[in-house]
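Residue numbers (this note's numbering), protein chains in the order written: chain X, 617 to 815; chain G, 9 to 302.
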């Protein structure tokens, strides 16, 4: 087998230092295009996909969340075609009109309810209770009074707490320390002390 | 301690340039719950979903001022957190029991615009949910699991389309506690709500924004971290049929795929839970040790 002869050239065609350099040759023009930067150092080489002077570069694409900039006609986040998106929107409109508002639930104490639900589970011998069984247990809890105070009494007490808070802050307490004092001493006592000017 | 977390959402109809008081979802109110101002109550986050850019304003004489208060620009078609951002150490505005917050929106002249606030109660008398903090999660956490449901929202600006957490995929282990880290939505809306007896029948929630997945995926963990407390909700799978997910959005309604990111917990570690002792004592074969190597 004959050895492969590799001819190593000193400079590529078009290079100014090459023995047959012709500034007007296509090779020389191409070499100059790729290697001469009259405006200074480039960030990316000529023809790099991100170079500003590369035709078709993607530097101006906006990368919005959920949007494929190469397929901006597709629906954001789902990638559905316009026809698919229109179909889904039509179906969704029908479904949304038929959908029901969420039921209103009365707040409660999870510990209290879970204990009652567990008792019910023992009673029926099942872990999963039916909606009716849930309702029965929760209804029993809801009929019990949640607080001994009436709404008017609560409002009056809170108003007094705000007065006490204002009085203590005026006397130099921080808000947090003032609230601690009110919680510990009660608003009545704080207001009594404040009114008499004692510290 | 009656700890609770509540996402209250509302809507304004054709507000245009006029600050319009939000109509809260049915059964909800922008009046702060509670009967004692000394109990810590916090405005933990607020967000809005407008089709047209507007302003969200929250004010009260009990807060800084009743003139402008907390007012932020709402950019169009992007449900962004506008205050109390839980992604970093944030500052929670203190709220006061029975204070009637004035929550207003401006926006488009021919649309429903929507907003939501998240209120944290450290001790809400007579109401209590089950919540854990991050050290507890790391100590008793076992395995991650996801529940995925499809919610069809109503087009009235109210919470709607409630479905049980097991309505699509019923893979939760019986009688087992699960912590909710956060969740995802595939469609933009205002708020995703999760309701159940384990949360005191109040609705915990997060923004329904599909492009903020890194924020919502562990929303409650971020809240617990940022506000240094037990704000990660826990429910027991014994209550799965009564633990529901719903969505509140604008007049467009929509179909939402919601993923909740859960962590299975060691049984019997979070107080106030169902034991499910009736049939499967011991928590459905859950391991007896847990924790992350940290």
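In this text, a Cβ means the ideal position worked out from N, Cα and C, and glycines have one as well.
- Assigned with DSSP and collapsed to three states, residue 753 of chain X falls in helix.
- Following the DSSP letters along the chain, one finds residue 65 of chain G inside the beta strand (DSSP E) bounded by residues 62-67.
- Straight across, the Cα-Cα distance linking residue 270 of chain G with residue 227 of chain G is about 12 Å.
- Not a single CB atom of chain X sits nearer than 8 Å to the CB of residue 251 of chain G.
- By the C-beta criterion, the segment 156-172 of chain G is judged not to be in contact with the segment 58-77 of chain G, since fewer than 3 inter-stretch pairs fall below 8 Å.
- The Cβ atoms of residue 729 of chain X and residue 770 of chain X lie no closer than 8 Å to each other.
- Burial check for residue 230 of chain G: the Cβ neighbour count within 10 Å reaches 16 or more, so the residue is buried.
- Listed along the chain, the chain G residues whose CB falls inside 7 Å of the CB of residue 789 of chain X amount to none; the nearest CB is some 13 Å away.
- Exclusion of the five residues before and after residue 777 of chain X leaves 798, 803 as the residues of its chain whose Cβ lies within less than 7 Å of its Cβ.
- Counting only runs of 3+ residues, the beta strand (DSSP E) found wholly inside the segment 201-233 of chain G occupies 211-215, in chain order.
- Looking at the DSSP output, residue 121 of chain G shares a beta bridge with G/20.
- For residue 158 of chain G, the enclosing beta strand (DSSP E) stretches over residues 149-161.
- If you ignore the 5 residues before and after residue 98 of chain G, its C-beta comes within less than 6 Å of the C-beta of 92, 234, all in its own chain and listed in chain order.
- Residues of chain G with a Cβ closer than 9 Å to the Cβ of residue 730 of chain X are, in chain order, 138, 205, 206, 244, 246, 247, 280, 281, 282, 283.
- By the neighbour-count criterion, in which a residue is buried when 16 or more other Cβ atoms sit within 10 angstroms of its Cβ, residue 135 of chain G is buried.
- Within the segment 219-242 of chain G, those residues whose Cβ lies closer than 7 Å to any Cβ of chain X are, in chain order, 219.
- Neighbourhood of residue 750 of chain X in chain G, by CB distance below 9 Å: 205, 247, 249, 250, in chain order.
- If you look at residue 798 of chain X, you'll find it in the alpha helix (DSSP H) that goes 791-801.
- Judged by DSSP in its simplified three-state form, residue 102 of chain G adopts strand.
- Only 762, 763, 765, 770, 771, 773, 774, 777, 778, 781 from the segment 758-787 of chain X bring a Cβ to less than 8 Å from some Cβ of chain G.
- Between the beta-carbon of residue 103 of chain G and that of residue 51 of chain G there is about 5 Å, and that keeps the pair under the 8 Å contact cut.
- When secondary structure is reduced to three states using DSSP, residue 146 of chain G falls in the helix class.
- Linking residue 653 of chain X to residue 232 of chain G through their CA atoms gives a straight-line distance of about 56 Å.
- For the options G/213, G/272, G/205, G/262, the alpha carbon positioned closest to that of residue 710 of chain X is the one of G/262.
- Cβ contact annotation for residue 43 of chain G (same chain, cutoff 7 Å, sequence separation greater than five): 105, 133, in chain order.
- Here residue 656 of chain X is exposed: its Cβ has fewer than 16 other Cβ atoms, across all protein chains shown, within 10 Å.
- Look at residue 779 of chain X here: in three-state DSSP terms it is helix.
- Between residue 181 of chain G and residue 241 of chain G, the gap from beta carbon to beta carbon reaches 8 Å or more.
- Taken atom to atom, the span from the alpha-carbon of residue 25 of chain G to that of residue 117 of chain G is near 8 Å.
- In the DSSP assignment, residue 52 of chain G falls within the unbroken beta strand (DSSP E) covering 49-57.
- Residue 127 of chain G and residue 207 of chain G have their alpha carbons spaced roughly 13 Å apart.
- Contact annotation: residue 56 of chain G and residue 40 of chain G have beta-carbon atoms that are not nearer than 8 Å.
- Contact residues of the segment 682-711 of chain X toward chain G are 682, 692, 693, 694, 704, 705, 707, 708, 709, 711 (C-beta to C-beta distance below 9 Å).
- Residue pairing by DSSP places residue 136 of chain G opposite X/725 in a beta bridge.
- Neighbours of residue 168 of chain G in chain X, taken as residues whose beta carbon is under 9 Å from its own, are 712, 715, 716, 717, 718 in chain order.
- Nearest to residue 34 of chain G by alpha-carbon distance, out of G/77, G/210, G/47, is G/210.
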